[in-house]
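Peer 1: Residue numbers (our numbering), protein chains in the order written: chain A, 1 to 84; chain B, 1 to 84. Think of the CB as a built atom: it goes at the ideal place given N, C-alpha and C, for glycine as much as any other residue. The structure displayed is predicted, hence computed values, not measured ones.
Number of protein chains: 2
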Amino acid sequence: MMIETIIGLLAAILTTSAFIPQAAKVIKTKQTKDISLFMYVIFVVGLILWLTYGILLINLPIIIANIFSLIFASIILYLKIKYK
Amino acid sequence: MMIETIIGLLAAILTTSAFIPQAAKVIKTKQTKDISLFMYVIFVVGLILWLTYGILLINLPIIIANIFSLIFASIILYLKIKYK
Chain A
1 MMIETIIGLL AAILTTSAFI PQAAKVIKTK QTKDISLFMY VIFVVGLILW
51 LTYGILLINL PIIIANIFSL IFASIILYLK IKYK
Chain B
1 MMIETIIGLL AAILTTSAFI PQAAKVIKTK QTKDISLFMY VIFVVGLILW
51 LTYGILLINL PIIIANIFSL IFASIILYLK IKYK
């Protein structure tokens with residue numbers, strides 16, 4: 001595997017899984033006061049567009065990375081609205 | 001411009017600019033208790049790898065999108081550490 005591909009895969013894993021500790025923190029504490037609602041609304045819409053882009057291009061890495069990001073970001077957005 | 005390109009560009013603009021309202025909120029309130037430190041540490045490392053990937057591939061959209069994401073996410077990370 002080329003070094004670029006390894007760096008790209010690692011980058012995708014990190015920027016996707018980064019949302020797991022934030023989701024876990026909100027689930028645990030039920031506190032979302034300092035989290036921006038607008039950030040997660042804009043981010044979730046953006047991820048839906050990334051997913052659409054991946055589907056239109058039939059690009060599996062883009063599809064998979066954005067499905068996971070969308071799951072984690074949607075959990076945070078849902079809890080932000082729930083615990084508002 | 002093809003519809004995929006427009007959707008991809010819009011997706012990149014949204015997932016990049018999503019961090020602006022979060023950065024603005026933290027700058028305004030100086031409150032970061034509910035924000036996950038681990039999320040922003042992992043995310044910033046991931047963005048540095050995305051930027052490296054873009055530079056290695058000489059892919060300007062990846063480079064530009066990740067420079068902006070890196071600026072906004074780094075501001076949030078810096079303030080999270082500062083106001084901890």
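What is the DSSP secondary structure of residue 1 of chain B, counted as helix, strand or coil?
Peer 2: Within the second sequence, numbered from 1, the residue matching residue 1 of chain B stands at position 1. Three-state DSSP puts residue 1 of chain B in coil, outside helix and strand.
Peer 1: For the stretch 63–79 of chain A and the stretch 69–77 of chain B, state whether three or more C-beta atom pairs, one from each stretch, are separated by less than 8 Å.
Peer 2: no
Peer 1: For the putative contact between residue 11 of chain B and residue 8 of chain A, defined by C-beta atoms under 8 Å, what is the C-beta separation to the nearest angstrom?
Peer 2: If you number the second sequence from 1, residue 11 of chain B lands on position 11. If you number the first sequence from 1, residue 8 of chain A lands on position 8. With a Cβ gap of about 17 Å, residue 11 of chain B and residue 8 of chain A do not count as contacting.
Peer 1: I want to see whether chain A comes within less than 7 Å of residue 18 of chain B, judged by CB atoms only; does it?
Peer 2: In the second sequence, counting from the first residue as 1, residue 18 of chain B sits at position 18. For residue 18 of chain B, the answer is yes, since a Cβ of chain A falls inside 7 Å of its Cβ.
Peer 1: Considering residue 81 of chain B, what are the terminal residues of the alpha helix (DSSP H) in which it resides?
Peer 2: In the second sequence, the residue the question calls residue 81 of chain B occupies position 81. 60–82 is the extent of the alpha helix (DSSP H) around residue 81 of chain B.
Peer 1: How about residue 34 of chain A and residue 31 of chain B: do their beta carbons lie closer than 7 Å?
Peer 2: What you label residue 34 of chain A is simply residue 34 of the first sequence in a count that begins at 1. What you label residue 31 of chain B is simply residue 31 of the second sequence in a count that begins at 1. Against a cut-off of 7 Å, the Cβ pair of residue 31 of chain B and residue 34 of chain A comes out as a contact.
Peer 1: Do we get a CB-CB distance below 7 Å when we pair residue 25 of chain B with the residues of chain A?
Peer 2: For the purposes of this step, residue 25 of chain B is taken as residue 25 along the second sequence, with counting starting at 1. Chain A, which has a Cβ nearer than 7 Å to the Cβ of residue 25 of chain B, makes this yes.
Peer 1: Quick check: what's the CA-CA separation for residue 13 of chain B versus residue 27 of chain A?
Peer 2: Locating residue 13 of chain B in the second sequence gives position 13, where the first residue counts as 1. Locating residue 27 of chain A in the first sequence gives position 27, where the first residue counts as 1. Residue 13 of chain B and residue 27 of chain A: Cα-Cα distance of roughly 29 Å.
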